[in-house]
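The sequence shown begins at 6 in the numbering used here and counts up one residue at a time. The C-beta atom is built at its ideal place from N, Cα and C for all residues, glycine as well.
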Amino acid sequence: GVPLADLNEVGRLDLTIDGADEVDPQLDLIKGGGGALLREKIVASVSGRYVVVVDDGKLSPRLGSRFALPVEVVRFGWRVHVAALERLGAASVDLRVDRGGAHVVTDEGHLILDCRFAGGIDDPPRLERELRGLPGVVETGLFLGLASWVVVAGEGGVRVIERPG
6 GVPLADLNEV GRLDLTIDGA DEVDPQLDLI KGGGGALLRE KIVASVSGRY VVVVDDGKLS
66 PRLGSRFALP VEVVRFGWRV HVAALERLGA ASVDLRVDRG GAHVVTDEGH LILDCRFAGG
126 IDDPPRLERE LRGLPGVVET GLFLGLASWV VVAGEGGVRV IERPG
């Protein structure tokens with residue numbers, strides 16, 4: 006019974022409810038494990054309230070310490086990004102492939118590089134800026150400053166964490 010709408014027609018959303026792969030104490034997120042990071046970030050950016058629902062295993066003291074950071078890149082020249090990502094601190098960079106070994110392709114036809122950072126990401130806003138400055142990087146899985154609330158389920162029940170301000 007929930008009506009579906011075309012984002013091009015509505016332009017703005019009152020509320021979006023979504024999951025995340027990792028959440029830090031500032032309610033910044035890593036998303037993109039399912040491969041739709043570009044579309045999900047577009048939706049999050051036009052949402053009045055962006056609510057994230059996770060289990061307590063997704064909470065992390067530092068982004069990138071539990072989950073690889075997905076980076077969506079165009080197909081042309083994708084390999085040149087591996088060295089650039091390593092220069093930016095990635096300990097390893099892997100092209101995402103499916104169980105059969107084929108490249109995972111996003112809804113928009115791009116590839117995903119999964120980047121692991123030893124000990125996590127030192128400065129997520131800086132990394133986001135530097136990644137977005139690389140030609141061919143379409144989007145990153147860093148969702149910074151977007152979540153209004155995070156609903157966390159765990160053995161002790163459910164709690165809601167609200168972004169200050």
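Legend entry - Coil, strand or helix - Ser97 by DSSP: strand
Inset, instruction - Count the C-beta pairs between the region 83-95 and the region 28-38 that are closer than 8 Å, then say yes if the count reaches three, no if not. - result: no
Legend entry - Start-to-end residues for the beta strand (DSSP E) that takes in Ile117: Leu116 to Arg121
Legend entry - Limits of the beta strand (DSSP E) - the one that Val155 falls within: Trp154 to Gly159
Inset, instruction - Specify the secondary structure class of Val15 as computed by DSSP and reduced to three states. - result: helix
Inset, instruction - Whole angstroms is fine: what's the gap from Leu20's alpha carbon to Val102's? - result: 33 Å
Inset, instruction - State the start and end residues of the unbroken beta strand (DSSP E) segment that holds Leu180. - result: This structure cannot settle anything about residue 180, because the visible part of the chain is limited to 6 through 170.
Inset, instruction - Give the DSSP-derived three-state secondary structure of Val109 in the structure shown. - result: coil
Inset, instruction - Let me know if Ser65 comes out buried or exposed under the rule of 16 or more other beta-carbons within 10 Å of its beta-carbon. - result: buried
Legend entry - Where His115 falls, given that 16 or more other Cβ within 10 Å makes a residue buried: buried
Inset, instruction - Keeping to the same chain, check which residues put their C-beta closer than 6 Å to that of Gly38; ignore five residues upstream and five downstream. - result: Asp26
Inset, instruction - Kindly give me the distance between the Cβ atoms of Ile117 and Gly40, rounded to whole angstroms, as I take these residues to be in contact under 8 Å. - result: 6 Å
Legend entry - Separation of Val163 from Val57, as counted between CA atoms: 13 Å
Legend entry - Beta-carbon proximity check, Leu9 vs Val51, cutoff 7 Å: no
Legend entry - Length of the line joining the Cα atoms of Glu77 and Val7: 30 Å
Legend entry - Alpha-carbon to alpha-carbon, Asp119 and Leu139: 16 Å
Inset, instruction - Count the other CB atoms, across all protein chains shown, that sit within 10 Å of the CB of Gly125; report buried if there are 16 or more and exposed otherwise. - result: buried
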